[in-house]
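Step one of this worksheet: look at the structure below.
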Amino acid sequence: MFAYSEDSYESYDSYEVPDAVTSAYLNSAGFDASDPRIVRLISLAAQKFICDIANDALQHCKVRSSNVTTKSTKTKDRRFTLTMEDLAPALAEFGITVRKPPYYV
Amino acid sequence: MNSVHRKLLVTSVSSLLLELGFDSAENGALETLTEMLQSFLTEVGNSSRACCELAGRTEPLVGDVILALVNMGFEVGAIEAHARRPGHSTVPAPVPSNPLKQLSILQAGVKQSHPPHIPAHLPPFPDPHAYIRTPTHKQPVTEYEAIREKSAAQKRDLERALNRFIAKTGETDSLFLSQDNIFPLIASKPNFPPYLNALLPKDQVFEFEEDDSNRSPQRKKKDGVKEEEEANKAENDIIDNPYLRPVKLPPNKLKIKGLTQCTLTT
């Protein structure tokens, strides 16, 4: 299981999700984040959450583009673009259904 | 929520995508991930607060957060491995904006302390400019000499200005033979017969005479009745010439004698 050590999360530098932003959103949820380590843990978890999804989407993208490129025989210098076509199946693996909103308000 | 936080979330999602190997992203996909990140953070906060309040605490512990993450179906053990991964990029924390400076209240003058009859607990006096009155006009000068000098100066200025005005508007003579106008003189217009002006009668007001006539009745009242008759006689033959004075009649001989006697005796 998860082993929580006292100083493990403080030793890391700041990551993609800044702690200030995390604690601001936590405060908006009624969560009084007085301990910086807890905030760091949550921002790491959020990062990992997004990272996993994006990684899945990247695999989808690679598979799809390799299928296309084999037809067009352009194997080199591939550029990966995150699209909803790739993101939707990746999210579906995590049990999240993404639908276009019927209209923008 | 704050748009600054939202922007930072977009930045962090973008940097994560770059790190994974994406080169670009659709706007809609990026927005979806940002929205998911935001709702994830809010949801973790919400449910961990619920956990800690269920346990009867006010401050959440790590256990509450982990419980909340597990409840959401999150794999907690993989966090540390994710944190230790090599080659992660960082997003700088938002720089707090400078708070507005509290404007100091302008103080004018020195505040007056309480006079002895006012108890100390009452509020202090306001700034002196709120109640002190200072006259801004000068006291008018009433000295005779100053007024006299002022009126003389005014008269002189007026004459000079009038002279200058006429010299500028009317015809001028030059004091010297040259044609320059350095010292202009008002040109005199000679009348045809030069003596005519002196011969023509003019209305003249003799203020001295009027003054005399005003004084004379006052004198009459002071003196006796007998003299009044004499004065009436004198008024009857009024002298037109202002340079002549009415004749002064000597007083009664008897009176003079008495007066002289008295002076002699004394």
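Residue numbers (full-length UniProt numbering), protein chains in the order written: chain R, 1 to 105; chain A, 1 to 266.
Glycine included, every Cβ here is placed at the ideal spot set by N, Cα and C.
- In this structure residue 200(A) is exposed. Its beta-carbon is surrounded by fewer than 16 other beta-carbon atoms within 10 angstroms.
- At a cut-off of 7 Å between C-beta atoms, residue 25(R) counts as an interface residue with respect to chain A.
- Within 10 angstroms of the beta-carbon of residue 16(R) lie 16 or more other beta-carbons, which makes it buried.
- Leaving aside the five residues that flank residue 127(A) on each side, the residues in its chain whose CB is nearer than 7 Å to its CB run, in chain order, 107, 108, 109 and 111.
- In the DSSP assignment, residue 185(A) is bridged to 173(A).
- By the neighbour-count criterion, in which 16 or more other beta carbons inside 10 Å mark a residue as buried, residue 95(A) falls on the exposed side.
- One alpha carbon belongs to residue 79(A), the other to residue 104(A), and they sit about 51 Å apart.
- Under the three-state reduction of DSSP, residue 42(A) is assigned to helix.
- Contact of residue 92(R) with chain A is not assigned, every C-beta pair being separated by 7 Å or more.
- Scanning chain A for C-beta atoms nearer than 7 Å to the C-beta of residue 65(R) yields nothing, as the closest lies near 11 Å away.
- In the DSSP assignment, residue 6(A) falls within the unbroken alpha helix (DSSP H) covering 3-20.
- The continuous stretches of alpha helix (DSSP H) do not include residue 16(R), and DSSP gives it neither H nor E.
- For residue 20(R), the closest Cβ of chain A is nearer than 7 Å.
- According to DSSP, residue pairing for residue 82(R) in a beta bridge involves 25(A).
- Under the DSSP assignment, residue 80(A) falls in the alpha helix (DSSP H) whose first and last residues are 78-83.
- Here the alpha carbons of residue 48(R) and residue 63(R) stand approximately 22 Å from one another.
- A direct Cα-to-Cα measurement between residue 41(A) and residue 31(R) gives close to 11 Å.
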